[in-house]
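Numbering of the sequence shown is given in the numbering used here, commencing with residue 64 and proceeding in unit increments. Notes follow the structure.
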Amino acid sequence: MASQWIDITARDGGKFKGYLALPPARKGPGIVLLQEIFGVNAHIRSVAEQYALDGYVVLAPDVFWRQEPGVELGYEGEDMEKAFSLMKAMDADQAIEDIASAVEALRGRPELEGKVASLGYCMGGILSFRSALKAGVDSAICFYPGGIANHLDKADQLRVPVQFHFAGQDKHITNEHIEQTRQAFAERDDAEMFVYDSADHGFNCWARSAYDQHASALSHGRALAFLETLGR
């Protein structure tokens, strides 16, 4: 498996980096992988490589490039504080524009064959949902998407399949928010939703204390099945 940082051209002419991971066959359908609030750090790069090994051409754009290019943070103390500061200062609408540029860059890669999905965790989860509305992806997978309740009024505008993964013990995305999401998509046969009752926010990150191996493995398999069902 090959991986490298590549340059992406933003719609306003700026340049930013994205981490590209290629599958063993060096071609396949695409995933735009959207980071948590900690940057495209070692964990996110590992997730990119994980999905690349599953057969996908994965591009993880540096969403925070307009604030601090290349930032990589840990999960405690000052790093956690800085991560939240970066998220709060981020222009989310501009970030979606940049993600759309990443989608275009991925579609232009010679290794890309087939559809492009967005897949994100936490902040990246809600960016994945918003990318399905405005960034030109063919489907979206959203892991514990922070702030989802604030965007459910746009559910009827979604024109592509979507899959949600929630943690039952999440204090940021409450059971009420989960139920609101369920109701918003109840009439759609192209939406899937899973709740991992004993898991907490961040359950997929094996570098965090919240890591839940069972929920991580199960959700990963479900994400792959969702992508495969939609066709390559």
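Yeah, the Cβ is synthetic: ideal placement off N, Cα and C, and Gly gets one too.
Under DSSP, the beta strand (DSSP E) around residue i begins and ends at which residues?
i          : result
residue 95 : 91-97
Output the boundary residues of the alpha helix (DSSP H) element that contains residue i.
i           : result
residue 157 : 155-170
residue 115 : 105-116
residue 149 : 140-152
Any Cβ of chain B within less than 8 Å of the Cβ of residue i?
i           : result
residue 187 : Although the question refers to chain B, the structure presented lacks it and comprises just one protein chain.
Measure the CB-CB distance between residue i and residue j and report whether it falls below 8 Å.
i           : j           : result
residue 196 : residue 220 : yes
residue 218 : residue 248 : yes
residue 79  : residue 125 : yes
residue 111 : residue 84  : yes
residue 63  : residue 225 : Nothing in the structure corresponds to residue 63, since the chain is present only between 64 and 295.
residue 74  : residue 164 : yes
residue 232 : residue 262 : yes
residue 162 : residue 198 : yes
residue 100 : residue 81  : no
residue 146 : residue 130 : no
residue 203 : residue 243 : no
residue 122 : residue 183 : no
residue 280 : residue 266 : no
residue 134 : residue 102 : yes
residue 194 : residue 159 : yes
Could you have a look at residue i and say whether DSSP puts it in helix, strand or coil?
i           : result
residue 276 : helix
residue 192 : helix
residue 204 : strand
residue 250 : coil
residue 227 : strand
residue 261 : coil
residue 176 : strand
residue 215 : helix
residue 255 : strand
residue 122 : strand
residue 187 : helix
residue 135 : strand
residue 284 : helix
Quickly, what does DSSP pair residue i with across the bridge? List them, please.
i           : result
residue 68  : 82
residue 221 : Its beta-bridge partners do not exist; DSSP assigns none.
residue 290 : For residue 290, which the question treats as bridged, DSSP gives no partner whatsoever.
residue 102 : 135
Give the C-beta separation of residue i and residue j to the nearest angstrom, bearing in mind that I take them to be a contact with Cβ-Cβ under 8 Å.
i           : j           : result
residue 91  : residue 176 : 6 Å
residue 115 : residue 64  : 5 Å
residue 241 : residue 209 : Between residue 209 and residue 241 the Cβ distance is about 13 Å, and since that is not below 8 Å, they are no contact.
residue 95  : residue 200 : 7 Å
residue 264 : residue 286 : Between residue 286 and residue 264 the Cβ distance is about 17 Å, and since that is not below 8 Å, they are no contact.
residue 206 : residue 282 : 7 Å
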